[in-house]
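Visitor: Shown below is the structure under consideration.
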Amino acid sequence: MAATNNSRRGDMSSPAPLDNSAARRAMMFLGLICVCLLLLGGRLAQLQLLEESRFERLARRQQAVTRDLAASRGDILSADGQLLATDVQRKSIFADPTQVEDPEITARLLARSLNVDRKELEKDLRKTDRLFVWVKRQVSDRRAELVRDLGLPGVHMRDERKRLYPNGRLAGQVVGLTDIDGRGLAGLELQFDALLRGKPGQEVVRRDGMKRLLRSPYYGSVIPPDPGATLRTTLDSYVQSVAVQELRAAVRIHNPESAVAVVMEPRSGDVLAMVSSPRFAPNQPGRSPASHRKNRVISAVYEFGSVMKPITVASALDAGGITPETTFNCSGGAWRIGGRTVHDAHSYGRLTVAEIVQHSSNIGAARIGLALGKKRFFSHLKDLGFGRPTGIRLPGEVNGILRPLSRWNRYSVVSVSFGQELAVTPLNVTRAFCAIANGGWVVEPRLVKKAVYPEKNKVALSQPAPDRGKRVFSRSTTRKVRDMMARVVEDGTGTEAQLDSYTVAGKTGTAQLLRKDGSGYSSSRYLASFISMAPAGDPRVVVLVSLKNPRENGYYGGVAAAPACADILKRTLNYMKVPPDKKQSETSTKQDKQL
């Protein structure tokens, strides 16, 4: 037993043999770790030393954001330097829905401060798959301060450019307007959009993992924007204001559907004033119908009626065969030609050419047109630019209607002679009478003088006063016609246009408007017009006033349009410091006669 126990103790105390397989596994594991470390070190060395630039580009792509920097839009100026359009800086409010803590409360507070739709805003703020939603753009400084004081999480601001029209509605339809992003929509803003809008710049900024923009540092350099060109027009702010005031007075008295006024320099073709009524407020475009944006001076066409008679007479005088003393039979106020009867407002027998203009005889004008002949008559009308745009640089100008000679029927010469069957724009009529005023030359209306990039002092566009175009009438002819038109004002249908200090040459027009269904001429709707120039011997300005369908206090051109023309003429000539052409004794004599 003792021997047996001793032997067991001896067995238990002897050392166990080493496990060679475990040692090998440990060595293999240690070796594997070393290999991984070597591979990882090699990869790190490759990334940091060999592929550093590639990963830097990837990081830039993920972290950097390229943003456009809006260029300030160029100013639009009047000829006398008044701002008609300019840019101002405004705050725009936006939100990041992922940062908004309580969309309901945020929407309610913003709606109260900014006058926006609360439900629509809350709906947008709950779109957490988006990082950007507009709340309201281009708000006033006061509203921006209200939002800033709220301190709402996720609500931010950015600077934007807003178009402002400092003189409001003064030349609304001419200047036009832009959309909220500064793109031209109408008028000069549209016509010269490429020059006015400038060239946007760029900046590259960082964003974090939540795609929030960081103020710094910038990646790369900032490319500053290039401001747009400054546009200088021919409009004179004072003359435009005068035309607006006098046309508004006529509109209040006579209540027409619409009205226009144009003031032009006959030698240069410069448009000093261009007014359409109803007027348009570009600072508040949503408050008036889209139809109010229409510039009727270039986009409306009318048959101007008796206003066109001096053109008929000038064409006949220039062609030869008649003189101001030549007489025509006016048939007692009614003249049957073929199947048509031409009427005069009063019964006349034989009248001289001068008297036909003075008393505005339709029959006399028709007989003069027939004596001229349709080929020569058509040629003069075409040379004056009727039936095609004037070339003024404004969008929306229409051609007017001068039918081809091949489509003139047996009555066309008769109708066109006293202003029917010829539909033209107010600007086209004014330009035609500039040829009567300047000695017979057709001028191209000019509205823009030049455009300049102010920071570079570089001229982007230059439009000097255009050279004289084709001469349509001789100087002698235009002088005779102006004398006849002066008699219209002195002792004819346009006596309401008389001025104390200046001799006015003018012509009335009371034209029947076409029925709305196109079935013929209306017996209750008229176009009341007056074209004028002064001083008659050497006119410095030509003024047209036209009222469509005056509904109160008279509809004749001599009643509805002539007084406004006279007031515009008087104030404009005084402003231009044009010397009076009437002597004081003549003025006193005229006043004595009126008394």
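This note's numbering numbers the first residue of the sequence shown as 2 and each following residue consecutively. Backbone N, C-alpha and C define an ideal beta-carbon position, used for all residues, glycine too. Since the structure is predicted, the reported quantities are computational estimates derived from the model, not experimental observations.
(1) Please tell me whether G177 and G169 are closer than 8 angstroms, where the distance is taken between their beta carbons.
(2) Please go through the same chain and pick out, in chain order, the residues whose beta-carbon is closer than 8 angstroms to the beta-carbon of I402, but skip the five residues on each side of it.
(3) Span of the alpha helix (DSSP H) holding L40?
(4) Using C-beta distances below 8 angstroms, list every residue in its chain close to R411, excluding the 5 sequence neighbours before and after it, in chain order.
(5) What residue does the alpha helix (DSSP H) around S259 start on, and which one ends it?
(6) Let me know if T39 comes out buried or exposed under the rule of 16 or more other beta-carbons within 10 Å of its beta-carbon.
(7) Let me confirm a value: H344 is counted as buried when at least 16 other C-beta atoms fall within 10 Å, else exposed. Which label applies?
(8) Measuring only the C-alpha atoms, how far is S277 from R297?
(9) If we ignore side chains and look at the alpha-carbon of each, how far apart do R351 and T328 end up?
(10) Which parts of the region 61-120 are runs of the beta strand (DSSP E), unbroken and 3 residues or longer, counting only runs that do not cross its ends?
(11) How far does the beta strand (DSSP E) with T496 in it extend, from its first residue to its last?
(12) Name the DSSP bridge partner or partners of D271?
(13) For V453, which residues does DSSP report across the bridge?
(14) Taking the C-alpha atoms as reference points, what is the distance between G374 and L406?
(15) Would you mind working out which of D582, S362, A562 sits nearest P536, comparing C-alpha positions?
(16) What distance in whole Å lies between the Cβ atoms of V543 and P267, which are believed to be in contact at a cut-off of 8 angstroms?
(17) Looking at C-beta atoms only, is the number of pairs between the region 94-108 and the region 245-265 that lie closer than 8 angstroms three or more?
(18) Shorter than 8 angstroms from the beta carbon of Q464 to some beta carbon of chain B?
(19) Expressed to the nearest angstrom, what Euclidean distance is found between the alpha-carbon atoms of N330 and G365?
(20) Tell me whether Y576 is buried or exposed, calling it buried when 16 or more other Cβ atoms sit within 10 Å of its Cβ.
(21) Can you have a look at A529 and say buried or exposed, based on whether 16 or more other CB atoms are within 10 angstroms of its CB?
(22) CA-CA distance, V415 and S502?
(23) Using only alpha-carbon positions, find the residue among K450, S523, E445, V490 that is nearest to D468.
(24) On the premise that L236 lies in contact with S79, defined as a C-beta separation below 8 angstroms, what is that separation, rounded to the nearest angstrom?
(25) Y239 by DSSP, collapsed to three states: which one?
(26) From this set, G183, S316, K459, which residue's C-alpha is nearest T231's C-alpha?
(27) For R162, which residues from the same chain have a beta carbon less than 7 angstroms from its beta carbon, with the 5 sequence-adjacent residues on both sides left out?
(28) Restricting to Cα atoms, I'd like to know which of Q359, N363, F474 is closest to G493.
(29) Within the continuous alpha helix (DSSP H) that includes N429, where are the two ends?
(30) Per DSSP, Y503 forms a beta bridge with which residues?
(31) Tell me, which residues are paired with F531 by DSSP?
(32) Straight-line CA distance for K571 to L500?
(33) What does the alpha-carbon distance come out to for the pair Y239 and A506?
(34) Is it buried or exposed, M486, if we count other Cβ atoms within 10 angstroms and call 16 or more buried?
(35) Along the chain, where does the alpha helix (DSSP H) that runs through H381 open and close?
(36) Have a look at D125 and P279 and give me their C-alpha separation to the nearest angstrom.
Guide: Checking against the coordinates, here is how it stands:
(1) For the purposes of this step, residue 177 is identified with residue 176 of the sequence shown, where counting begins at 1. For the purposes of this step, residue 169 is identified with residue 168 of the sequence shown, where counting begins at 1. No; because the gap between Cβ atoms is not below 8 angstroms, this pair is not in contact.
(2) Here the question's residue 402 lines up with position 401 in the sequence shown. The answer, listed in chain order, is V302, G388, L423, A424, V425.
(3) Along the sequence shown, read from residue 1 onward, the residue named residue 40 stands at position 39. From DSSP, the alpha helix (DSSP H) with L40 extends over 21-46.
(4) Translated into positions along the sequence shown, residue 411 becomes position 410. Excluding residues within five positions, the ones whose Cβ falls inside 8 angstroms are G339.
(5) Counted from its first residue, the sequence shown places residue 259 at position 258. Where S259 is concerned, there is no enclosing alpha helix (DSSP H), although the beta strand (DSSP E) it sits in stretches over 259-265.
(6) Position 38 of the sequence shown holds residue 39. What sits at residue 39 in the sequence shown is Leu, not Thr. Result: exposed.
(7) Here the question's residue 344 lines up with position 343 in the sequence shown. So H344 counts as exposed.
(8) On the sequence shown, residue 277 is found 276 positions in, with the first residue counted as 1. On the sequence shown, residue 297 is found 296 positions in, with the first residue counted as 1. S277 and R297: Cα-Cα distance of roughly 6 angstroms.
(9) By 1-based counting over the sequence shown, the position of residue 351 is 350. By 1-based counting over the sequence shown, the position of residue 328 is 327. For R351 and T328, the distance between alpha carbons rounds to 6 angstroms.
(10) 65-70, 84-96
(11) Position 495 of the sequence shown, counted from the start, is the residue given in the question as residue 496. Neither: T496 is in no beta strand (DSSP E) and is coded neither H nor E.
(12) By 1-based counting over the sequence shown, the position of residue 271 is 270. DSSP lists R447 as partners of D271.
(13) For this step, residue 453 is matched to residue 452 along the sequence shown. The partner list for V453 (beta bridge, DSSP) reads T231, V460.
(14) Walking along the sequence shown from the start, residue 374 turns up at place 373. Walking along the sequence shown from the start, residue 406 turns up at place 405. C-alpha separation (whole angstroms): 11 angstroms.
(15) Your numbering for residue 536 matches position 535 in the sequence shown. If we check each option's Cα against that of P536, D582 comes out closest.
(16) As a first step, residue 267 must be located in the sequence shown, where it is residue number 266. As a first step, residue 543 must be located in the sequence shown, where it is residue number 542. At roughly 5 angstroms, the Cβ-Cβ gap stays under 8 angstroms, so P267 and V543 are in contact.
(17) no
(18) Within the model displayed, chain B is absent; a lone protein chain is all it includes.
(19) As a position in the sequence shown, residue 330 is number 329, starting the count at 1. As a position in the sequence shown, residue 365 is number 364, starting the count at 1. Computed Cα separation, rounded: 7 angstroms.
(20) The residue labelled residue 576 in the question sits at position 575 within the sequence shown. Burial call: exposed.
(21) Against the sequence shown, residue 529 aligns to sequence position 528. By the neighbour-count rule (16 or more Cβ atoms within 10 Å), A529 is buried.
(22) Along the sequence shown, read from residue 1 onward, the residue named residue 415 stands at position 414. Along the sequence shown, read from residue 1 onward, the residue named residue 502 stands at position 501. Straight-line Cα distance between these residues: approximately 38 angstroms.
(23) The residue you call residue 468 lines up with position 467 of the sequence shown. Minimum Cα distance to D468 is reached at E445.
(24) Looking up residue 79 in the sequence shown gives position 78. Looking up residue 236 in the sequence shown gives position 235. Their Cβ separation, rounded to whole angstroms, is 5 angstroms, which keeps S79 and L236 in contact under 8 angstroms.
(25) Indexing the sequence shown from 1 puts residue 239 at position 238. Helix at Y239.
(26) Numbered from 1 along the sequence shown, position 230 holds the residue referred to as residue 231. Nearest of G183, S316, K459 to T231, Cα basis: K459.
(27) Numbered from its first residue, the sequence shown carries residue 162 at position 161. A71, S73, R74, D88, Q90, G183, listed in sequence order.
(28) Here residue 493 refers to the residue found at position 492 when the sequence shown is read from its first residue. Among Q359, N363, F474, the Cα nearest to that of G493 belongs to Q359.
(29) Residue mapping note: residue 429 aligns to position 428 of the sequence shown, counting from 1. Taken as a continuous stretch (DSSP letters only), the alpha helix (DSSP H) holding N429 covers 427-438.
(30) Residue mapping note: residue 503 aligns to position 502 of the sequence shown, counting from 1. Note: Y503 sits in no beta bridge, so no partner.
(31) On the sequence shown, position 530 is the one that residue 531 refers to. Partner(s): T509, V546.
(32) Translated into the one-based positions of the sequence shown, residue 571 becomes position 570. Translated into the one-based positions of the sequence shown, residue 500 becomes position 499. For K571 and L500, the distance between alpha carbons rounds to 7 angstroms.
(33) Position 238 of the sequence shown, counted from the first residue, corresponds to residue 239. Position 505 of the sequence shown, counted from the first residue, corresponds to residue 506. Approximately 23 angstroms between the Cα atoms of the pair.
(34) Within the sequence shown, numbered from 1, the residue matching residue 486 stands at position 485. Result: buried.
(35) Here residue 381 refers to the residue found at position 380 when the sequence shown is read from its first residue. Per DSSP, H381 belongs to the alpha helix (DSSP H) from 375-384.
(36) By 1-based counting over the sequence shown, the position of residue 125 is 124. By 1-based counting over the sequence shown, the position of residue 279 is 278. If you take the alpha carbons of D125 and P279, they lie about 39 angstroms apart.
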